[in-house]
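*Asks:* Line order of the protein sequences matches chains A and B.
Take the first sequence: its position 313, counted from the start at 1, is 547 in this note's numbering, and no numbers get skipped.
Take the second sequence: its position 262, counted from the start at 1, is 332 in this note's numbering, and no numbers get skipped.
For each residue, glycine too, the CB sits at the ideal point set by N, CA and C.
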Amino acid sequence: MLAYIGKRILQFIPVFIGITLILFFFRAVIPGDPIKLLAGEKAMPDAIYEQIVKANHLDEPLYVQYGYYMNDLLHGDLGTSYQRKTPVIDIFAEKFPYTARLALCAILIEILIGISAGIVSAVKRYSFVDALVTVSTSILISVPVFWLGMLLQMFFGVFLKDATGGAFSLPISGAGGPISSYPTWMHYILPAVALASVSLAYTARVMRSQLLEVLNADYIRTARAKGLSRGAVIVKHALKNAMIPVITFIGIDFGVMMSSAILTETIFNWPGVGYEIFRAIGQRDWPIVMGGVILVVILIMLINLIIDVSYALFDPRIRYGKKAGDE
Amino acid sequence: MDGKMTDREDGGMGGRAAETVKGAPAVRADGAPTDPADAAGTAGTADLLKVENLKMYFDTPDGLVKAVDGVSFTLNLGETLGVVGESGSGKSVTAMSIMGLVPMPPGKIHGGNVLFKGQSLITISEKDFQKIRGNNIAMIFQDPLSSLNPVYRVGKQVGEGLTIHKGYKKKQAFARAIELLDLVGIPNAAERARDYPHQFSGGMRQRAMIAMALACDPEILIADEPTTALDVTIQAQILELMQSLQKRTGSAIIMITHDLGVVADMADRILVMYAGRPVEYGTTDEIFYQPLHPYTWGLMRSIPKRTAGDKEPLTPIKGNPPSLINLPAGCAFSPRCPYAQPRCHEEGPVLVKLAGAHASACHFSDDPAFLENSPLHDDEDADTVAPGAVAGMAAPEGADTRRGHSDG
């Protein structure tokens, strides 16, 4: 097991180098001068411009810049933002908890509603509930997140406020704090629902199809032949098998939510990693973009590793680094 | 705990023996009284399991599939019934119908009854049926790997029935599972009980399935092709194991197989099925020494002969079993029957008792001349060079049977 984890971590290295190369390539081909953008609408004196360019090694050839960047990176330094003059690592240390908390809320919604909807629609196959789940998941999958987000904002933030005479509404922007008139937890509701929507629909579908497949398995018949009730068969024998692919899906999804919740975070003005990267791209603030992407990549790789390792807990047929059987 | 177990075993045996002696029991093993109406209907018949004209049809988009169409038999403690037929002959559906495991819909009982100790398993509530499944009637399935849950330890699965039916705690059930695994010949059972199914070999998995089925001391053990997925050497071991366990526990066995060879040594009586219908029913001796139905003959001829030296080609039954939606007119076997007559294509034969309980569903089973075609006479012809027999063999089959037909 440890050898397996070690091997997987070694595999991180080529992925990591590849990511930095790709980032540097895009940085070179995307138009826009980050230093000129610093001055905003006013022109920057040439002397100051030269000075900043030199300080950031932007006058060097690209491979030399890459060398500088990698050298810093290996020393744990992600660089400093052009715009804000603060270390990138500090920026993300501040943003990251917001993204993580939002992703966690979304994942909880996904697990609670997605999995239970999937189970109910598989168990009550071809019933009204099943049809309802199928139709609503189809809708959720087809609706773009930004549109759903705006609909939620309109309904819960505007329409409901008007309808109740201002007595009830949900916050549609920001993550709470002293200037917000809502309690902080309420700020999580709409972005978390929007973020969870598509994944929730997929989870329900994966859960339904997996459970239906498992319910046809021979060992389910064996369990019934033992005298277990239908409910006990589903809970004890079917779910554990059916959950394996669902857990993979949710795990990968968690990684995605931690990184590319850009749409959701932008619509809801959520001060998270995705929104920060989105803003930094507009300003060509390369240290933030690159640092952010690298952090996200590391995170996703770690989450995937955790998923793969946790397989072994759910499926005894998978035992990393041990021989499969001793027959 | 040990004391409890031995009590249970002895009690189980004793109770069971008493039940058979008394005849139709008024009280089930778990203490629930049997339905008096059902008991009255079969009063005096003391049969452990009585299947009466069972019809299980499936409503499919293509039409009504008559998977089981009028199967009847009785079974008592200590007896073994062999149910023989090709794939799709309805053997497994018969077993699943008895177990109440046929999904309904699409399955639907179109008639007949299954009586367990006089109680109908057709009208029984699902809740009461759950108390019988695995407890009084247990089942062994064909593919032992896919029939074991891959994510639970073998010991847990073997002992699970005890926690459901006998009120065992998990630990007690696991300990008993180890004993059961030991009983079915799993070496090092205490350790192997902690293995997962994929760590077992094919034969061991089937042994574990048997241990699982035996856990609650069932009166009836239904084995659905228990050896089909196994090597030939392992097959023999498994059959031997089942026989020795039957001697020990006195349970009744329904052995479902496509291989007459499997039931030859084991079964007391044999039911031959074709296209969902019983075509021949009799004691094992009757089936093997006086087979009456051409389909049974075909099955017997397709058993590889163990004659040393000369290699004889196998004689399969030509053609395939018919679609159960569009059964051929007349006798379902007529399109494949080498002795079929015009009458066979028009008029369906019924299962008729000929000698004692020996029954056959063929128009000509009572015709001695027709029975000359039975494979028993193949061997006689080969061994003894009786002129008459040779003449009978050499004569065109058509001519021979035509004579039989005009006589009958």
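Hey, quick one: how far does the alpha helix (DSSP H) through SER430(B) stretch, first residue to last?
*Replies:* Counting along the chain, SER430(B) falls outside any alpha helix (DSSP H), though it belongs to the beta strand (DSSP E) covering 428-430.
*Asks:* Are the CB atoms of ILE234(B) and LYS460(A) nearer to each other than 8 Å?
*Replies:* Going by C-beta atoms, ILE234(B) is nearer than 8 Å to LYS460(A).
*Asks:* Just how far apart, CA to CA, sit LEU386(A) and ASN503(A)?
*Replies:* In a straight line, the C-alpha of LEU386(A) is about 14 Å away from that of ASN503(A).
*Asks:* Mind checking the segment 444-470 of chain A against chain B and listing, in chain order, the residues whose C-beta falls within less than 9 Å of any C-beta there?
*Replies:* Answer in chain order: ALA451, ASP452, TYR453, ILE454, ARG455, THR456, ALA457, ARG458, ALA459, LYS460, GLY461, LEU462, SER463, ARG464, ALA466, LYS470.
*Asks:* Are SER159(B) and MET325(B) closer than 8 Å when you measure CB to CB?
*Replies:* Not closer than 8 Å, so no.
*Asks:* Whole angstroms are fine: how far does the CA of TYR127(B) sit from the CA of ILE395(B)?
*Replies:* Rounded to whole angstroms, ILE395(B) to TYR127(B) spans 10 Å at the Cα level.
*Asks:* Measuring only between beta-carbons, confirm whether PRO505(A) sits less than 8 Å from chain B.
*Replies:* So no, PRO505(A) is outside the interface.
*Asks:* What residue range does the alpha helix (DSSP H) around PHE258(A) cover?
*Replies:* Note, PHE258(A): alpha helix (DSSP H), 236-263.
*Asks:* What residue range is occupied by the uninterrupted beta strand (DSSP E) comprising PHE358(B)?
*Replies:* First-last for PHE358(B): 354-359, but that is the alpha helix (DSSP H), not the beta strand (DSSP E).
*Asks:* Reducing DSSP to helix, strand and coil, say where PHE186(B) ends up.
*Replies:* Strand at PHE186(B).
*Asks:* Is ASP213(B) close to chain A? Criterion is C-beta to C-beta, closer than 8 Å.
*Replies:* It does: the Cβ of ASP213(B) has a partner Cβ on chain A nearer than 8 Å.
*Asks:* Under a Cβ-count criterion, where at least 16 other Cβ atoms within 10 Å of its own Cβ denotes burial, should PRO438(B) be classed as buried or exposed?
*Replies:* Answer is exposed; the Cβ neighbour count stays below 16.
*Asks:* Please state if the CB of LYS329(A) and the CB of PRO521(A) are separated by a distance shorter than 8 Å.
*Replies:* Contact: no.
*Asks:* Applying a beta-carbon distance threshold of less than 7 Å, which residues of chain A neighbour GLY204(B)?
*Replies:* Within 7 Å Cβ-Cβ: ALA459, LYS460, GLY461.
*Asks:* Taking C-alpha atoms, which residue in ALA263(B), LYS226(B), ILE373(B) lies nearest to VAL332(B)?
*Replies:* The residue with the shortest Cα to Cα distance from VAL332(B) is ILE373(B).
*Asks:* Which residue's Cα is closest to the Cα of SER195(B): LEU341(B), MET169(B), GLU356(B)?
*Replies:* Taking only the C-alpha atoms, the option nearest SER195(B) is MET169(B).
*Asks:* Here's the rule I'm using: 16 or more other beta-carbon atoms within 10 Å means buried, otherwise exposed. How should ASP132(B) be labelled?
*Replies:* It is exposed - the Cβ of ASP132(B) has fewer than 16 other Cβ atoms within 10 Å.
*Asks:* Identify, in the order they occur along the chain, each residue of the same chain with its Cβ nearer than 6 Å to the Cβ of GLY82(B), setting aside the five sequence neighbours on each side.
*Replies:* Only weak support is given to the placement of GLY82(B): the predicted model assigns it a pLDDT of 39, under 50, and the question is left unresolved by the model.
*Asks:* Could you please give me the residues that DSSP links to THR327(B) through a beta bridge?
*Replies:* Its beta-bridge partners are VAL154(B).
*Asks:* Kindly give me the distance between the Cβ atoms of GLY246(A) and MET535(A), rounded to whole angstroms, as I take these residues to be in contact under 8 Å.
*Replies:* Sequence check: residue 246(A) is Phe here, not Gly. Contact holds; Cβ gap of about 5 Å.
*Asks:* Since VAL121(B) sits in a beta bridge, which residues does DSSP pair it with?
*Replies:* The partner list for VAL121(B) (beta bridge, DSSP) reads PHE143(B), VAL184(B).
*Asks:* Where DSSP assigns a beta bridge to PRO321(A), which residues make up the other side?
*Replies:* PRO321(A) is bridged to THR314(A).
*Asks:* Would DSSP call VAL349(B) helix, strand or coil?
*Replies:* DSSP places VAL349(B) in strand when its eight states are reduced to three.
*Asks:* Since LEU218(B) meets chain A, which of its residues come closer than 9 Å, beta carbon to beta carbon?
*Replies:* Within chain A, the residues near LEU218(B) are ASP452, TYR453, THR456.
*Asks:* I need the straight-line Cα distance from ALA431(A) to LEU296(A), nearest angstrom please.
*Replies:* The displayed chain sequence assigns Ser, not Ala, to residue 431(A). In a straight line, the C-alpha of SER431(A) is about 42 Å away from that of LEU296(A).
*Asks:* In chain B, which residues lie with their C-beta within 7 Å of the C-beta of LYS474(A)?
*Replies:* What LYS474(A) touches in chain B: VAL221.
*Asks:* Under the assumption that ILE280(B) contacts MET209(B) (Cβ atoms under 8 Å), give the Cβ distance between them as a whole number of angstroms.
*Replies:* Not a contact, Cβ separation roughly 11 Å.
*Asks:* Express the C-alpha separation of MET492(A) and VAL530(A) in angstroms, rounding to a whole number.
*Replies:* Between VAL530(A) and MET492(A), the C-alpha separation is close to 7 Å.
*Asks:* Say whether chain A places a C-beta atom closer than 8 Å to the C-beta of HIS235(B).
*Replies:* Yes, HIS235(B) lies at the interface with chain A (some Cβ there is under 8 Å from its Cβ).
*Asks:* Give, in chain order, every residue of the segment 253-277 of chain B whose Cβ lies closer than 7 Å to some Cβ of chain E.
*Replies:* No chain E is present in this structure, whose protein chains are A and B.
*Asks:* In angstroms, rounded to a whole number, what distance separates the CA positions of PRO479(A) and LEU151(B)?
*Replies:* C-alpha separation (whole angstroms): 43 Å.
*Asks:* To the nearest angstrom, how far is the alpha carbon of LEU336(A) from that of ALA365(A)?
*Replies:* Computed Cα separation, rounded: 30 Å.
*Asks:* Is GLU510(A) buried or exposed, if buried means 16 or more other CB atoms sit within 10 Å of its CB?
*Replies:* GLU510(A) should be labelled buried.
*Asks:* Specify the secondary structure class of THR233(B) as computed by DSSP and reduced to three states.
*Replies:* Three-state result, THR233(B): helix.
*Asks:* Does the segment 464-472 of chain A come within contact of the segment 367-379 of chain A, defined as at least 3 CB pairs closer than 8 Å?
*Replies:* No, they do not touch.
*Asks:* Is DSSP giving VAL427(A) helix, strand or coil here?
*Replies:* Here VAL427(A) sits in helix by DSSP.
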